[in-house]
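Take a look at the structure below.
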Amino acid sequence: MKGNYGWGLPVAASTFAGPIDFGIKLIHAAMFAIFILWAIFFAYLLLRYRRREGRSAQAGYESPLKSLIPDFFVLVFEIALIVFYAIPNWHRIKIAGPSPDTALVVELVAEQFAWNFQYPGPDGKFGRRDVQFIEPANPIGLDPQDPAGKDDITTVNELHVPLGKPTILNMSSKDVIHSFFVPEFRVKQDIVPGMKISLWFEPTLAGRFEIGCAQLCGVAHSMMRGDAYVHTPSEYEAWLKAQSGQAPATTAANAATGNSNGSSTF
Amino acid sequence: MAVPHSEPRSSEHGSGFIDKYVFSVDHKVIGLQYFFTSCFFLIVGFAMIMLLRWQLAFPGQPLPLIGRLLPMTWAPDGILMPEFYNQLGAMHGTIMVFLGIVPLGVGAFGNYILPLQIGAPDMAFPRLNMMSYWLYLPGGMLMLLSFVLPGGAAQSGWTSYAPLAIVNPGQTVWLLAMVVIITSSLLGAVNFIVTTLNMRAAGLTLGRLPIFVWAQLVTAILLLLAFPPLEAAAVLQLMDRIAGTSFYLPAGLVVAGESLKVAGGGQPLLWQHLFWFLAHPEVYVLILPSMGIVAEIIANGTRKPIFGYTEIVASMIFIGAMSFIVWAHHMFLSGMSPRLSNFFLVTTMIISVPSVAVLTCLVWSLKGGSIRFTTPMLFSLAFLPLFGIGGLTGLPLGLTVTDIYLHDTYYVIGHFHYVVVTGTIIALMGGTYYWFPKWFGKQLNDFWGKIHFWGTAICMNGIFFPMFIQGLAGVQRRLYDPTAQLHNLSTQPLNVVSSVSAWLLFLFQIPFLVNIVYTIFKGKRCEENPWRATTLEWACASPPPHGNFERPPRVYRGPYEYSTPRAREDWTPQHVPS
Ligand code: HEM
Ligand SMILES: [Cu+2]
Ligand SMILES: [Cu+2]
Numbered sequence: 001m002k003g004n005y006g007w008g009l010p011v012a013a014s015t016f017a018g019p020i021d022f023g024i025k026l027i028h029a030a031m032f033a034i035f036i037l038w039a040i041f042f043a044y045l046l047l048r049y050r051r052r053e054g055r056s057a058q059a060g061y062e063s064p065l066k067s068l069i070p071d072f073f074v075l076v077f078e079i080a081l082i083v084f085y086a087i088p089n090w091h092r093i094k095i096a097g098p099s100p101d102t103a104l105v106v107e108l109v110a111e112q113f114a115w116n117f118q119y120p121g122p123d124g125k126f127g128r129r130d131v132q133f134i135e136p137a138n139p140i141g142l143d144p145q146d147p148a149g150k151d152d153i154t155t156v157n158e159l160h161v162p163l164g165k166p167t168i169l170n171m172s173s174k175d176v177i178h179s180f181f182v183p184e185f186r187v188k189q190d191i192v193p194g195m196k197i198s199l200w201f202e203p204t205l206a207g208r209f210e211i212g213c214a215q216l217c218g219v220a221h222s223m224m225r226g227d228a229y230v231h232t233p234s235e236y237e238a239w240l241k242a243q244s245g246q247a248p249a250t251t252a253a254n255a256a257t258g259n260s261n262g263s264s265t266f
Numbered sequence: 001m002a003v004p005h006s007e008p009r010s011s012e013h014g015s016g017f018i019d020k021y022v023f024s025v026d027h028k029v030i031g032l033q034y035f036f037t038s039c040f041f042l043i044v045g046f047a048m049i050m051l052l053r054w055q056l057a058f059p060g061q062p063l064p065l066i067g068r069l070l071p072m073t074w075a076p077d078g079i080l081m082p083e084f085y086n087q088l089g090a091m092h093g094t095i096m097v098f099l100g101i102v103p104l105g106v107g108a109f110g111n112y113i114l115p116l117q118i119g120a121p122d123m124a125f126p127r128l129n130m131m132s133y134w135l136y137l138p139g140g141m142l143m144l145l146s147f148v149l150p151g152g153a154a155q156s157g158w159t160s161y162a163p164l165a166i167v168n169p170g171q172t173v174w175l176l177a178m179v180v181i182i183t184s185s186l187l188g189a190v191n192f193i194v195t196t197l198n199m200r201a202a203g204l205t206l207g208r209l210p211i212f213v214w215a216q217l218v219t220a221i222l223l224l225l226a227f228p229p230l231e232a233a234a235v236l237q238l239m240d241r242i243a244g245t246s247f248y249l250p251a252g253l254v255v256a257g258e259s260l261k262v263a264g265g266g267q268p269l270l271w272q273h274l275f276w277f278l279a280h281p282e283v284y285v286l287i288l289p290s291m292g293i294v295a296e297i298i299a300n301g302t303r304k305p306i307f308g309y310t311e312i313v314a315s316m317i318f319i320g321a322m323s324f325i326v327w328a329h330h331m332f333l334s335g336m337s338p339r340l341s342n343f344f345l346v347t348t349m350i351i352s353v354p355s356v357a358v359l360t361c362l363v364w365s366l367k368g369g370s371i372r373f374t375t376p377m378l379f380s381l382a383f384l385p386l387f388g389i390g391g392l393t394g395l396p397l398g399l400t401v402t403d404i405y406l407h408d409t410y411y412v413i414g415h416f417h418y419v420v421v422t423g424t425i426i427a428l429m430g431g432t433y434y435w436f437p438k439w440f441g442k443q444l445n446d447f448w449g450k451i452h453f454w455g456t457a458i459c460m461n462g463i464f465f466p467m468f469i470q471g472l473a474g475v476q477r478r479l480y481d482p483t484a485q486l487h488n489l490s491t492q493p494l495n496v497v498s499s500v501s502a503w504l505l506f507l508f509q510i511p512f513l514v515n516i517v518y519t520i521f522k523g524k525r526c527e528e529n530p531w532r533a534t535t536l537e538w539a540c541a542s543p544p545p546h547g548n549f550e551r552p553p554r555v556y557r558g559p560y561e562y563s564t565p566r567a568r569e570d571w572t573p574q575h576v577p578s
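Quick note, the sequences are listed as chains A and B, same order. Taking my numbering as reference, the numbering of the first sequence is continuous, increasing by one, and the terminal residue is 266. Taking my numbering as reference, the numbering of the second sequence is continuous, increasing by one, and the terminal residue is 578.
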């Protein structure tokens, strides 16, 4: 896994890497070219027009029209980037997204300083969650009464997803803002308490990747890490089976009753 | 229209030490008070980051030498606590922006130079001016004091995002101090606007204003319009902390295992919108005065008029106006509607065009010049490519798609420090060398100035360039322990480069500080106008007496009449009749 990282962009492991890396490389190439050309011109000016005996400055106010040439090129380059690059790719990545029918859907509950994942289990239904059920053994507040939750799988700091299929993460936070970041997937999204925010990605590489938090969330922000495992479909099925054998994280003993007054978005 | 004025307004100026140097109403004294105070805060903010950079370079290792002197609650056995680390980070940002750069660029340079450049005897409201300073100083002191108050200093980033800022210790004093500091800035802004519009010398039309004055005017308008929302937002956050309201808090939060008992109904994103509504214009507040300084120095050091005066002024005004509708480019990934991002993407790309225009005009200004490589010129020339790097690297951050990867990484830290450090600070240092003879009638030592320049320019790049590489490798910002995550390990050696450069940068400031102190006390008097400059601040004595000009000056021409054909000298001052 350490081999994924060097001094440049990390290994690319999702379908987003295509457009995002393309953009980053293109812009850096352009920046580099602009800067070099510009620096040569700058150095030339400094040398050519340095103070010399017997030559005074030429006072002419030249027409500023000529100076608009760089602005014009910048404008054209930026319009092209906006129209052909940013808007369509942003739409694909952050607005459109796959349908939940064809994707794996996982719930993510972030907290100081852990990533809790909830899988629906064999019944395909997520158990209800509510803040009133939250306690150390039940960090996401799974409702012990809800039959849909009986077979749910919960993991902490471990996300398991299959290859060749998009994953949708429905994310919420218990306390403060966190940001889900997997460098290899080129995904990042803030998770805001009180909101339910979705994120999707489609892995292109099996292996173990790093989940980091990208938003200051308290004293252990830098320690808030997890692992994203991308399995081949058969491995993934095997993992699911092994997990379903175990009891879900909720223990029946804590079956508190009473009306929920928690927020609906949690 | 410029209003001629015959009587100095601040005639109640006293003669005792207290009236003259402490509670002074003279814009020059207030300017210098701002200068020394903001330099003090810059050094404090820099010291904080030097401490923090130890932890980044050598995580978990005890700080040598000074480590043992720090209190147990900060650094037991010399090892920085994460709470203290976060306090250093948050307070570095806050102090640098609100107590360092803005008071230096506006409070010091603006206060001292602007009235002189428009030929005024003082600011329009001298007492208000004094009050700005006397709010700024206690506000800043309160901010510093918070380190030793129970709960410590703020530790939720200078951005103070809710709900973290509401549940974290230290924030209350930060909010109170901010309210005081903002009030100070607002009073200053009103004063600058009125002074520029009403107190110009006869003949000094808007089209003849030096670019520095234009930059200050636009800056003051930005401060006046952008700060009130943050002041209100800060009061709301204060209420959330101390009065149990929940403007920024939704219901159902569970913090550290405890259910938070608040009514809910609030929105964390509301804070971000209000914060960035100020903080984006604020970055132009940080940079515009510096652009003004660079323009003045370049005109003087090339001995020719600035190229594209109108274009620069128009660009600055356009930047100012646009800066109010780009704020949410800081929030592409905040959870606000992704559809909204497209709007802010477009405005962000638009605002980059006038910035390019200003930079291009400044570079074109070199053409045909007779360039003198004086110390202030070296700083101003270095501003051009280095600020250019800061501007260019804003491009992948402003584009929504590439920002997904780069947001909240060290790339961002690199980008804005190229703007505010190798841009703003470099220009402010240049300005100090340039106007020092005005302030004290003495010139800073040129040899040590050049040592200072080269050391500073090289070290700054050593600090901030590696951050781009780290950002591309995915290293997040605000990490207490960068080695706690695998993807941050490969670039860890760069943290050492960065930190060592930061400490070297500090060493290179020593000649600068010694130069200032030595010259003030031991320097020899220099000519009244050592740079042979054309603008009005040089039409009075150096340093100017109380009331500035012997007679109200009259202006006959534009600000940069250098090397005018058929003129006797290569400079024709604005106030000399033809
Ligand atoms: C010249 C010396 C400077 C150095 C070495 C320096 C270094 C740094 C570093 C390493 C960080 C990142 C801290 C982290 O990741 O937690 C940082 C953050 C920051 N710096 Fe500086 N900086 C300098 C000057 C400035 C100046 C002049 C300004 C403003 C005008 C400034 C504004 C900020 C801000 C706003 C942050 C973000 C703070 C936060 O995360 O809340 N810095 N600086
Ligand atoms: Cu975090
Ligand atoms: Cu901005």
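Glycine is no exception: its CB is placed at the ideal position from the N, C-alpha and C atoms.
With contacts defined by Cβ atoms closer than 8 Å, T183/B and I242/B do not form a contacting pair. Counting the other CB atoms within 10 Å of its CB gives I211/A a total of 16 or more, which places it among the buried residues. Only residues of its own chain outside the window of five on either side were considered, and among them L104, H231, P233 and Y236 have a CB closer than 7 Å to the CB of P162/A, listed in chain order.
With a beta-carbon spacing of about 19 Å, F512/B and H417/B fall beyond the 8 Å limit used to define contacts.
Set against 7 Å, the gap from the CB of H417/B to the closest heavy atom of ligand 1 is smaller. Only exposed fits P493/B, as fewer than 16 other CB atoms lie within 10 angstroms of its CB.
Taking the beta carbon of G157/B as reference, the chain A residues within 8 Å of it are L216, listed in sequence order. Within the region 394-453 of chain B, the alpha helix (DSSP H) runs of at least 4 residues that lie entirely inside it are, in chain order, 394-398, 400-406, 410-419 and 426-440.
About 20 Å separates the beta carbons of G100/B and F212/B, which is beyond the 8 Å limit, so they are not a contact pair. Across the structure, P88/A and F436/B are spaced so that their CA atoms are roughly 53 Å apart. Annotation for E311/B: the continuous alpha helix (DSSP H) segment containing it runs Y309 to M322.
Taking each of F98/B, Q155/B and L222/B in turn and checking the Cα distance to V179/B, the smallest one comes out for F98/B.
In this structure, S179/A is the residue among S179/A, L75/A, G97/A and R92/A with its C-alpha nearest to the C-alpha of L406/B. Under the Cβ distance rule, H407/B counts among the residues neighbouring chain A, one pair being separated by less than 8 Å. Among the residues facing chain A, R200/B is not included, as its CB has no counterpart in that chain under 8 Å away.
Contact annotation: in the region 62-85 of chain A, residues whose CB is within less than 7 Å of a CB in chain B are E62, P64, S67, P70, D71, V74, L75, E78, L81, I82 and Y85. The shortest C-alpha to C-alpha distance from R551/B to any of L116/B, H92/B, G93/B and F40/B is the one to L116/B.
Going by beta carbons, F468/B and T422/B fall outside the 8 Å limit.
Contact note: H221/A reaches chain B through P82, N86, Q476, R478, L479 and Y480, using a C-beta cutoff of 9 Å and chain order. Ranked by how close their Cα comes to the Cα of P289/B, the residues I389/B, N111/B and L137/B have N111/B in first place. By the Cβ rule, the region 358-377 of chain B counts as touching the region 293-302 of chain B, because three or more pairs are nearer than 8 Å. Residue contact check for G194/A against chain B: a CB pair falls below 8 Å. At least one CB of chain B lies nearer than 8 Å to the CB of E210/A. Per DSSP, the beta bridge partners of D190/A are S179/A. At least 8 Å separates the CB of R127/B from every CB of chain A. Among the residues of chain B, those whose CB is under 9 Å from the CB of V131/A are A251, G252, L253, V254 and S259, following chain order. The Cβ atoms of I118/B and L536/B sit closer than 8 Å to each other. Residues of chain A with a Cβ closer than 7 Å to the Cβ of M178/B do not exist; the shortest Cβ-Cβ separation is about 18 Å. In terms of Cβ geometry, A473/B and I426/B do not form a close pair [threshold 8 Å].
Approximately 26 Å separates the beta-carbon atoms of G157/B and L9/A; this is outside 8 Å, ruling out the contact.
Distance from the CA atom of Y284/B to the CA atom of G462/B, rounded to whole angstroms, is 25 Å.
Within 7 Å of the C-beta of G292/B there is not a single heavy atom belonging to ligand 1.
Going by C-alpha positions, I191/A is about 12 Å away from P163/B.
Pairing A86/A with L395/B gives a Cβ-Cβ distance that is not under 8 Å. Burial state of K28/B is buried, judged by a 10 Å Cβ sphere holding 16 or more other Cβ atoms.
Within 9 Å of the CB of I404/B, the CB atoms of chain A belong to F16, I20, W90, I93, K94, R186, V187, K188 and Q189, in sequence order along the chain.
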